[in-house]
Structure formats: C-alpha cells, structure tokens
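I have placed the structure first, in the form of structure tokens, so that the comments after it can refer back to it.
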Amino acid sequence: MVAGLESISTTMHQLSAIGPFDYHQPESLESVIELLQEHGPAAALLAGGTALLIDMQHGELAPRHLVSLWGVPGLDRVSLNGELRIGSAATLTDLVGAIEGSVALAGLAEASLTLGSRQIQNVATVAGNICKASPGADMVPPLLCLDAMLTLTGPLGERIAPLDGFLTGPDQTALQPAEVLTEIRLPQIPDRTGTAFQKIMRRQAVDCSIISVAARVTLEDDGKTCRQARIGVAAAAPNPFRAMKAEALLKGQTLSEDLAREAGRVAQEESNPIDDVRASAEYRRLMVEELTARALVAAAERAIRT
Amino acid sequence: MIARHPLRLKVNGHSYELEVEPHRTLLDVLRHDLALTGTKSNCQAGECGACTVLVDGRAVNSCLYLAVRAEGAEIQTVEGLAEDEALQPIQEAFVQNAAIQCGYCTPGFLVSVAAVLRENSRPSLAELKKAVEGNICRCTGYTGIVQALAQVADAAEGGR
C-alpha cells in the first residue's frame, strides 16, 4: 500500500471514532426511563448531541447505549401562554422563535443567539445546556434571572426543582439515576420587567464565554423604583450563580448607572473565577463588574419601555 | 455486533433507502454512501462549518448529526443548490467576487447563506454575516466572501 494512502485511511478511521454503541429511540418517556434504568452508567441520554458527540469523539465519554429523546412526542415544544414552557428536546432556535418580540424575555433570546453558531443553535437544546453543567453554560444566567423551575421525571415519578441549586459542580447536577429533565418552566413574568444578557469571548462569535452575565429588573407601578432584581453570572465559579448580595442592593432603589456599577462591584466579590486558557481570574473579576453594570442598565431601560 | 438501522432519506430531491450503524454521522453517510463529496469533512467538532447541510431547511453541522436522526428528513447539500445548470445568486456572487481561495470552506458558506435565503428573500448584510458566524475560512479569504454577501444583500435592497 502506498504510505500516503495508509495514513489517509487511518485519519478517516479516527474521524469517525465514536461508538460502537446501541442506539435506542423510544417513543415514550416511560421507555426512556426504563432504558436508563436497565443500562445504568453505560447509557447516555441524547438530546441535541452537540456536546455529547464531541465528548465521545474526544474519548471523554464512551457510552455503550445512547438513549435518544427524539422519538418522544411533544418534548420539542415551546409554549408561551403567560408562563414559558420549554420541552427538553426543544432547540435554541425553537426557543428564539417562540419568544420573538417579548421584551421581558429579550435576555433569554440574546443568550440563545450568541451560543455557538446558527448550525449549533438549530440542534443544541436548552435542557442540554443546563444538564451539561458547564461553568460557562450561557443559558443558565438568564434562566436563573427568570426563576426557572425544572420538571424532573424518573422511576419514582415527577418532581419539580428550582434551577437555582440544580447544578452541583462542573459537569454535575442533582439528577437522580435514570431521571430526565423533561421541561423547563418559567413562571408568569410580572409587568414592567426587562431582561438583558451580556457576554465576552476571545472573538466576537462562536466561542465559549470568558464571562457572561444576565440581569432582570422588575419595576414598581411608579415605573422607576426597582421592585425585584436578578443577576446571573456564568464562567466565574464552578457553576453559574445568582449574585444575591448585588441583587439585594437594588431592591427599592431607583436604578442609576452608579448603582448598577456598585452592584457590579458586589457581584465581583461574590464571584470566584479561575485562570484558564481564555482569561485570567483577575480579568474575569473585572468583567463580572463591567458586564453586570451593562446588563442591569440594559434590563432597566427595557423595563421602562414595557 | 452493532445492529444497523434502516434509514430513509431524501437528499437534493432524490430518495434513498439505506442501512447504517448508529454511530455514523450524516456527514459520513453523505460522503461515503451517497458519494456526495461537496460537503466537506474538517474539524469534526461543530466549529468550522465546512460540513454544513440543510436538514428540513435548517442549517446543521453534519459532523455532529447522527445519520439515524435524519430518518425521514429532507436534506439539501451544496450539490442541490443549483437548479439544473442555473446557479443561485449566492453562488453567482461567490464566482463574481472570487470569494474562494482553496475552496474547502465554500460549500459550507453557500449552504449557510442558502438557509437564510429560504426564509428571507431580502436579507441584510448583517443578517447574512450572522448566518455565517459558524463558517470558518482557514485561508482567511473573508474580504471576497463579505463582498459576495454584500452583493446578495444589495440585490435584495434593489428589489425593495
């Protein structure tokens, strides 16, 4: 064999190096859970697959069974009827389509439209971004700001848990064995609410966040006093978190640029970033302050407009 | 022994009935089983966009798309863009602006733009640029590519 050809065929082999695995595409949630119970740690749940397949290509995961959610009817649904309900097979593109034009949910749309490329948004799911539990999971800060609740379905039935507290470390969640995140629910959003999302990357698109921050501001009937504020920060701690001390600073106050800056400083103190290939911890702290201030100002401007 | 799964696909208007192992990607099946080599294999991680195809009208990275998932779907690849010999406007614009250096990224760019044009016949330059965020030209030949996008946007503007 010609040496060159041999190396080409080796490369080809490596490129499709995922698997082998058994593929299951059950048509009911009950069957999904049964399969996860039957195969235990040898099984992986497949939603969009944009993270899972890369982990498999890199050899970080080698499940013997893939259990897909694609055959379960209704899981790809997103509905906005007072409350927003996002099925666990719904993609970022599905979400954006359902919330288009909602000022109160603008921060959620901004996070979706800056996560990966269009190609990724068309396949990756909101639920997958949560359950991957990456420190820089961009969908989590805006969902934290909107008090997202998770429907978790397992062998013992269904339970509801807040997103805040669901992530228990990098790559770790409070999911029990054979339990599936089936729906993300956002309670009815109060009037005079604005949200915004800010993130920085090493380049302007399609990169992991150095820092991302989401903010929500809900105003009193007077249209200027802050009734409720939320700040969610990603890539500045083992999991995205709510900067609750900074939030407390804003309640009952009129939101000014100075106050937003002060909240940013407090959010920075609440963060615990690390040095890595993307940025230093010091730079991340500075950006937590800056992006918090920007997100709060943008959210307040939107709240006033509604 | 891994079970094969039946796979019915419609690719560029042609129907196919195949059997595939579940770990094979749509990219792999298009290139090796259907010999549609216009779709390029490169990063295998959803970062470069060379493998972009349309699945039911939506642009996806075929390297991160298991073939079994495409069961019953309509696929369009770069080979399916031109109707007979008539190039689409974005293809014409790439030719006229010499928006090609080595050409490896070109099919992905064309398919990403085609995805936008399916939904919006008059996209702005900003919308077209947003649509190709996930396509990388490793030759860095972006000037010609942006000129080609601008030509499509200008033509849309002129039609308003």
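Sequence lines, in order, name chains A and B. Just so we're aligned: 165 in the working numbering is position 127 of the first sequence, and the numbers increase by one with no gaps anywhere. Just so we're aligned: 851 in the working numbering is position 97 of the second sequence, and the numbers increase by one with no gaps anywhere. Glycine residues also receive a C-beta, built at the ideal position from the N, C-alpha and C atoms.
- Contact with chain A is absent for asparagine 796 of chain B, since none of that chain's Cβ atoms lies less than 7 Å from the residue's Cβ.
- For tyrosine 61 of chain A, the beta-bridge partners assigned by DSSP are A/Leu104.
- Residue state for glutamate 775 of chain B is assigned as coil, using DSSP reduced to three classes.
- Under the Cβ distance rule, valine 765 of chain B does not count among the residues neighbouring chain A, no pair being separated by less than 7 Å.
- Contact of isoleucine 756 of chain B with chain A by beta-carbon distance below 8 Å involves Gly57, Pro58, Phe59 and Asp60.
- For the C-beta of serine 155 of chain A, the chain B residues within less than 7 Å are, from N- to C-terminus, Gly803, Glu887 and Gly888.
- Of all residues in the segment 72–88 of chain A, only Gly87 and Thr88 place a beta-carbon less than 7 Å from a beta-carbon of chain B.
- Among the bridge pairs identified by DSSP, cysteine 264 of chain A is matched with A/Leu257.
- Leaving aside the five residues that flank arginine 197 of chain A on each side, the residues in its chain whose CB is nearer than 7 Å to its CB run, in chain order, Leu190.
- Arginine 812 of chain B belongs to the set of residues whose beta carbon lies under 7 Å from a beta carbon in chain A.
- For alanine 902 of chain B, the closest C-alpha among the options B/Pro843, B/Ala789 and B/Arg892 is that of B/Pro843.
- Contact between cysteine 264 of chain A and threonine 233 of chain A is absent: CB atoms are separated by about 14 Å, not below the 8 Å threshold.
- In the DSSP secondary-structure assignment, asparagine 815 of chain B is bridged to B/Thr806.
- The residue from A/Gly192, A/Ala147, A/Gln157 and A/Leu188 with its alpha-carbon nearest to that of aspartate 176 of chain A is A/Ala147.
- Between the segment 824–839 of chain B and the segment 882–894 of chain B, the count of Cβ pairs shorter than 8 Å is below three; the stretches do not touch.
- The contact set of glutamate 775 of chain B on chain A, defined by CB atoms closer than 9 Å, consists of Gly57, Pro58 and Tyr61 in chain order.
- Against chain A, the CB of asparagine 815 of chain B has a partner CB under 7 Å away; the residue lies at that interface.
- By the 16-neighbour rule on beta-carbons within 10 angstroms, proline 877 of chain B is buried.
- Linking histidine 103 of chain A to aspartate 810 of chain B through their CA atoms gives a straight-line distance of about 27 Å.
- With contacts defined as CB atoms closer than 7 Å, alanine 162 of chain A and leucine 130 of chain A qualify as a contacting pair.
- Beta-bridge pairing by DSSP links alanine 82 of chain A to A/Leu104.
- Counting along the chain, the unbroken alpha helix (DSSP H) around methionine 325 of chain A starts and ends at 319–343.
- Annotated as proximal: proline 180 of chain A and glycine 145 of chain A, with beta-carbon spacing under 7 Å.
- The straight-line gap separating the alpha-carbon atoms of glycine 174 of chain A and alanine 840 of chain B is approximately 45 Å.
- Leucine 188 of chain A: member of the beta strand (DSSP E) spanning 187–192, first to last residue.
- Contacts with chain B (Cβ-Cβ distance below 8 Å) from the segment 88–110 of chain A involve Thr88, Leu91, Ile92, Gln95, Leu104, Ser106 and Trp108, listed in chain order.
- The C-beta of glutamine 159 of chain A has 16 or more other C-beta atoms within 10 Å across all chains shown, which makes the residue buried.
- Against chain B, a Cβ distance below 7 Å from alanine 243 of chain A picks out Glu887.
- When the alpha-carbon of valine 765 of chain B is set against those of B/His777, B/Ile756, B/Asp787 and B/Pro776, the nearest one is in B/Asp787.
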